[in-house]
Amino acid sequence: MASDNPQAVLSEEILADARRQAERVINRARAEAEHILAAARAEAQAETERSLASARARGARRAQMILASTELEVARRKLAARQEILDAALAAARDQLLALTGADYRRVIVALAAEAIRGLPADLVGTAPIRVSVGVASGEMLDVAGLAGEIAVAAARPELQAQIAITPAVGAPRGVVIEAADGRIRWDNTFAARLRRNRAALNRLLAPILFAEP
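Residues in the sequence shown are numbered consecutively from 83, following the numbering used here.
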């Protein structure tokens with residue numbers, strides 16, 4: 083039943099309207115709060131995912147760097163091991179050369195001297211004496227009779243004037259040293275010098291033999 087007091091009726095309507103407005107404000111505030119909370123959660127999730135993605139990317143880069151570094155170290159060690167094997171092979175070859183004596187050593191001396199002389203200018207070989215210093219081990223005897231003629235024949239230089247000199251080897255420089263009398267040219271063709279000059283070529287020659295794939 084409606085109140086007979088108009089003022090009371092108005093008061094109730096005002097209060098009801100105020101309640102409705104308050105409820106709308108509360109609902110709107112609640113909705114905004116939920117929206118803000120949802121956005122905050124989404125941003126937090128996105129930030130977490132970005133952090134995880136960044137961490138994964140850093141981890142992947144670090145793993146790549148470690149892998150590359152490991153592969154490089156493996157390659158370096160493999161190369162060093164290969165070089166040790168090559169060095170050992172060359173050392174064995176040097177030891178075999180140093181062990182040559184008698185007729186075998188004489189043949190090598192002729193070949194080494196002829197090789198060096200063939201590289202000299204023809205006018206120098208024909209006009210000036212060429213000194214051929216032959217390194218011998220301590221106490222070693224080498225018959226030099228006819229050696230100059232053998233070298234001339236091997237070098238295809240019949241005009242060669244070779245002076246043979248025997249020099250005791252200090253350490254291990256066996257082989258020959260060719261020198262022009264006027265000092266203009268000197269060719270070290272000792273075993274040590276030849277191995278040193280031809281080290282790279284010998285490595286290339288030995289590598290396919292020593293490291294052939296099965």
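Note that CB positions come from ideal geometry on N, CA and C, so glycine has one too.
Beta-bridge pairing by DSSP links asparagine 271 to Val258. For proline 88, the uninterrupted alpha helix (DSSP H) run begins and ends at 88-180, by DSSP.
Lysine 160 and arginine 286 have their C-alpha atoms spaced approximately 16 Å apart. Shown here for proline 211: same chain residues with a beta carbon closer than 7 Å to its own, the five before and five after excluded, namely Gln243, Gln245 and Ala263 in chain order. Around the C-beta of threonine 272, 16 or more other C-beta atoms lie within 10 Å, and the residue is accordingly described as buried.
Contact between valine 258 and valine 214 is confirmed by a C-beta separation of about 6 Å, below the 8 Å threshold. Bridge pairing for glutamine 245: Arg213 [DSSP]. Here arginine 256 is not near alanine 198, since their CB atoms are 9 Å or more apart.
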